[in-house]
Structure formats: C-alpha cells, structure tokens
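Residue numbers (this note's numbering): 56 to 484.
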Amino acid sequence: RFLTMVEATRGMPRSNMAPRWRLAGASLLVATSYFASQRGYVFTRGLRLPSTAAPRQPGLSQEAQIRNVVAMRAIDYSSGMAPQTEEEKSESRKYAKRFEDILTGGKDLWAKLVRKWEAEGKASPRFYFVGQNGNMGEEVLESLLSALSYVQAADGTWFWDRDHEHGKYGGFEWTLWNSDRKLSSSSKIAPTDLYMENEEEYREKETEIIKQFAALPDASHPMGMVIGESAILRKENQDIIKTGIVVFCDTDAEYVWAKTQYRPKSGGGLYTTPDMMDRPPVWALANGWDGDPDDTEAKMEYMKIVTQTAKSCEEFADVRLRTDVSGVVENSHWGAERLIKSLNDLYGFTAVGEVGADEENLRADLEKFLESARLSKYLEPAMKWAEEQGAASIEDIAENLEDFSEAIGLKPLEKKRLEKIAATVVVAS
C-alpha cells in the first residue's frame with residue numbers, strides 16, 4: 056500500500072524543491088518496504104502458501120515454507136543484525152540449538168511413525184487437528200509438519216545457519232489443508248450464507264472435503280488437516296479422522312472468545328491482513344457474534360457451546376496440547392516441540408529420561424489453574440506435590456484442595472482465591 060501525500064498548505068507559495076522531496080520520500084518508502092519484506096521482518100504468515108493449496112509437489116519452490124519455519128531468514132552474521140557481544144552470541148546459539156533439536160526430533164519421529172504404520176500394513180499416518188477457532192491449531196500443525204519433513208544438511212550445517220537464498224539445502228515437503236478454508240474456496244456463496252440457508256448442505260460439503268483429504272494418494276511426506284470447529288461432532292467425520300492421529304489443541308473458552316472477536320482499530324499504524332486474524336466459527340457468525348467482545352449474553356452462550364465441544368474433542372483425540380499457556384502461545388514451534396514429546400510417549404518411542412505427555416499436560420493445566428487465582432509463583436511446589444501424590448489432573452487437585460494448599464504453603468487469602476477457582480473446576484467436571 057502506498058501513502059498519498061497531501062499538500063497541507065494549499066494556497067501557500069511552493070518551493071521548487073517540494074516535488075523532489077516528495078519523489079525522494081516515496082522512493083525511500085518503497086525501498087524500505089521492499090527491504091523489510093525480503094528480510095522477513097513483517098507479515099511472515101503472508102509469505103507462506105495458503106493452507107488450502109494443493110499438495111506440494113517435488114521440484115516446486117519451497118521458499119515460502121522455509122521463511123515461515125524460522126519466522127525470519129537465517130541471520131547473515133556479517134550484517135549489523137548479527138549478535139555482537141559474547142553473551143548475545145551464546146544466547147543466539149542456544150536458540151539455534153533448540154530449534155535444530157525440534158527439527159531433528161521431528162524428523163526422527165516421522166521415520167519411526169512411518170516404520171510403525173508400514174509394519175501394520177498401512178499408509179503413512181495423517182494428522183488431524185481439532186479444537187476451537189483461535190487455538191493456534193493451524194500454526195502448530197504447520198510447525199509440526201515442518202519438523203517432521205526436515206532434511207538435515209550433509210555438511211552438518213544447522214537450519215538457522217543455512218543460506219536459503221541459493222537453494223543449496225533444498226526445502227520442506229508437506230501438505231496442509233484447512234477444512235474451513237477449503238469449503239470457503241469451493242462454495243459458490245459465502246460459507247456463512249450457505250450455513251444459514253441450508254446447514255445440512257454445509258455439513259455435507261464439510262464432510263466431502265475431509266473425505267477428499269483422506270483419499271489423497273500417499274505422498275511419503277507428512278500430511279495434516281485442520282478440522283472445522285464443530286465438524287468433529289458428526290459421526291461420519293469421526294470415522295474418517297480416527298484413521299489418522301488426532302491432536303486436540305485445547306484453549307480456555309474465554310481466551311478464544313476474546314481472540315476471535317478482536318478486530319484491530321483503524322488508524323493504529325499497523326495493517327493486519329485478514330489471513331492473520333482469527334475468525335469466529337461459522338455458527339457464531341450465523342448468530343451475529345462477530346467483532347463485539349463486550350457482548351456479554353453472546354459471550355456466555357458462546358463459551359457454553361465451545362466448552363461442550365471441547366469435551367467431545369478431548370474424548371476423541373489421541374493427544375491434547377494446551378496452546379493458550381506461556382511457552383506455547385509465544386511461538387508455535389514450542390508447541391510442536393511439546394507435541395513431538397507427546398507423540399513419542401504415545402507410541403512408546405520416548406527415550407529414557409524424557410518428560411512424558413501426561414506431565415507436560417498437567418504442568419500446562421496447573422500453570423493456567425494457578426494463574427487464574429494469581430498464584431503462579433507456586434507452580435514448582437505444586438508440581439512437586441502432584442508428583443509425590445500421583446495427581447494426574449486438575450480435578451485430582453481440586454478434590455484434595457486442603458492437603459494441596461497446606462503442602463505448598465498458601466496464605467489464608469491465597470487459599471480463598473484458590474477455593475473459588477477450584478469450585479468452578481468441580482462444577483465443570
């Protein structure tokens with residue numbers, strides 16, 4: 056988008072230099088925008104191919120996926136952006152190593168999964184991500200597929216250090232579909248209008264898209280699909296999805312309400328592309344619940360429906376990942392990191408000494424639970440108590456609240472706050 060410069064001093068004498076200054080300013084703006092887009096500083100999600108695109112074919116450029124994987128290009132260490140002090144260099148290498156560990160862990164997991172599926176006479180596994188709109192499902196799935204399809208460099212160069220400009224190291228191959236986006240692109244009218252006119256036809260189209268994905272030929276590379284929020288409730292869809300690995304990206308109902316209802320204010324100085332905004336599910340749009348986070352009545356009804364759907368997702372899923380907690384919400388790759396551990400645990404691939412999926416999930420739930428009562432500082436002693444007592448869920452803690460409070464040393468007012476939060480857990484269960 057180019058800004059039109061308006062002459063604010065109409066009627067005043069104009070300098071002969073004014074056109075030159077305007078031309079110079081416009082040139083500088085264009086050059087800066089081009090440089091920023093090339094360096095990957097902004098709109099990183101817009102650099103990738105749409106998730107509704109057809110499966111990636113060998114030989115096609117993978118630059119879009121590469122840029123999205125790292126959220127920005129590998130730093131040119133001869134540039135001014137490169138870490139300068141020893142401390143900065145040390146922190147940079149730690150980050151690069153963690154990222155490399157995620158990618159190599161994903162590659163190893165994919166090889167194990169393929170061998171397991173082949174031994175059972177089945178094609179390579181497919182991933183189905185379910186959950187509420189606004190749960191980072193698409194971002195986490197994309198990060199997971201990137202890790203699963205990682206190819207290590209023959210010369211041992213880490214991904215973060217590679218030169219991606221000249222195609223020396225190749226790219227990633229994976230397929231990602233989003234059922235909502237696919238339906239939107241194939242429908243003759245807006246999905247919301249179709250849902251309101253004929254919900255059954257909408258559901259049939261939704262199921263047909265899931266069938267199309269399941270029928271794609273085995274491409275020997277990772278494939279995943281983000282399932283529309285309420286599609287999981289249909290029995291026919293469940294039968295298809297159960298043939299793959301089902302991941303439930305769980306979030307707090309109030310969190311996704313705020314996230315899907317948020318609309319950036321105009322004049323804020325930053326443009327947010329529609330692709331970067333989380334939209335409410337089609338049934339919420341049909342009820343007119345869009346762009347008004349302060350609509351209390353709609354919020355309560357929305358949270359009730361979303362909570363019920365989440366229970367069905369949890370019962371149906373192979374793996375559950377909390378995506379609204381610190382350590383995941385900042386970076387989808389950290390969510391992929393946790394998923395890789397959970398999937399290793401699920402299929403018995405977990406190495407000795409690794410943290411299992413149950414402990415990861417309990418920690419995420421407990422962190423959210425304590426944060427609700429403003430007691431985050433007690434997370435470590437709370438985890439220690441849970442381990443000693445064998446607690447496997449927040450419900451176990453809520454049912455033994457007296458012992459839990461005493462063990463972690465809560466003060467009287469802190470205990471009261473925790474009791475209020477625990478009461479909502481008991482009622483919900």
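Every residue gets a Cβ at the ideal spot worked out from N, C-alpha and C, and that includes glycine.
CA nearest to the CA of residue i, picked from the options
i    : options                   : result
S275 : I360, W165 and M331       : W165
N342 : Y433, D400 and D248       : D248
T362 : A308, V374 and P272       : A308
D373 : L456, V383, Q267 and N416 : N416
T364 : F182, N188, P467 and R258 : N188
T315 : G382, E155, W344 and S448 : W344
A478 : L376, I452, F154 and P467 : I452
W389 : A151, K144, E143 and E142 : A151
F242 : P336, E256 and L465       : In the sequence under discussion, the amino acid at residue 242 is Ser, which differs from the Phe named in the question. Taking only the C-alpha atoms, the option nearest S242 is E256.
W338 : Y357, L456, M331 and D349 : Y357
F371 : Y183, D156 and M251       : Y183
E454 : L465, I476 and D156       : I476
W232 : M251, Y250 and Q267       : Q267
Residues bridged to residue i (per DSSP)
i    : result
N233 : V281
V374 : V302
Same chain, Cβ closer than 6 Å to residue i, neighbours up to 5 away in sequence not counted
i    : result
Y485 : In the structure as shown, the chain starts at 56 and stops at 484, and residue 485 therefore has no counterpart that could be examined.
K423 : V380
W229 : L200, S204, H276 and P277
P336 : N188 and E284
Residues near residue i by beta carbon distance below 8 Å, same chain, minus five either side
i    : result
Y205 : L158, T159, G161, K162, F214 and F227
S387 : M191, E194, V195, E197 and S198
Unbroken alpha helix (DSSP H) run spanning residue i, endpoints
i    : result
V185 : Run containing V185: none in the alpha helix (DSSP H); it sits in the beta strand (DSSP E), R181 to G186.
K167 : E141 to A174
T262 : E254 to A269
V337 : V337 to A341
Y402 : Counting along the chain, Y402 falls outside any alpha helix (DSSP H), and DSSP gives it neither H nor E.
N292 : K290 to I296
K439 : L434 to Q444
A308 : A308 to Q316
F214 : That residue, F214, is in no alpha helix (DSSP H); it is neither H nor E in DSSP.
L199 : G192 to L203
E450 : I449 to E454
Exposure of residue i, with buried meaning 16 or more beta-carbon neighbours within 10 Å
i    : result
Y317 : exposed
I244 : exposed
T298 : exposed
T328 : exposed
L394 : buried
K439 : exposed
T140 : exposed
D294 : exposed
I174 : The question names Ile, but residue 174 is Ala in the sequence shown. Exposed.
D458 : exposed
S30  : Residue 30 cannot be examined here, being either before or after the span of the chain that is shown, 56 to 484.
S397 : buried
E443 : exposed
N399 : buried
A447 : exposed
T351 : exposed
E146 : exposed
D273 : exposed
P467 : exposed
L325 : exposed
A270 : exposed
E392 : buried
R429 : exposed
D347 : exposed
R377 : buried
R375 : buried
E418 : The displayed chain sequence assigns Arg, not Glu, to residue 418. By the 10 Å Cβ count, R418 comes out buried.
D210 : exposed
Chain-order list of residues whose beta-carbon lies under 7 Å from that of residue i (same chain, five-residue window excluded)
i    : result
S234 : E261, I264, I265, M280, V281, I282, G283 and A286
S484 : Low local confidence applies: a pLDDT of 39 at S484 is under 50, so the model's placement there is unreliable, and no value is given.
S116 : Legend: pLDDT at S116 = 32, less than 50; position of this residue unreliable, value from coordinates given subsequently. Excluding sequence neighbours, S116 sits near nothing in its chain.
C368 : V185, G186, I287 and F303
R148 : none
K177 : none
L18  : Only positions 56 to 484 of the chain appear in this structure, which leaves residue 18 out of reach.
E291 : T262
L238 : P246, K260, E261 and I264
P180 : L168, W172, G299 and I300
D333 : N188, G189, K314 and T315
E474 : L456
heavy atom of the ligand MN below 7 Å from residue i C-beta
i    : result
A453 : In terms of ligand content, the structure shown is empty, and the ligand MN therefore cannot be addressed.
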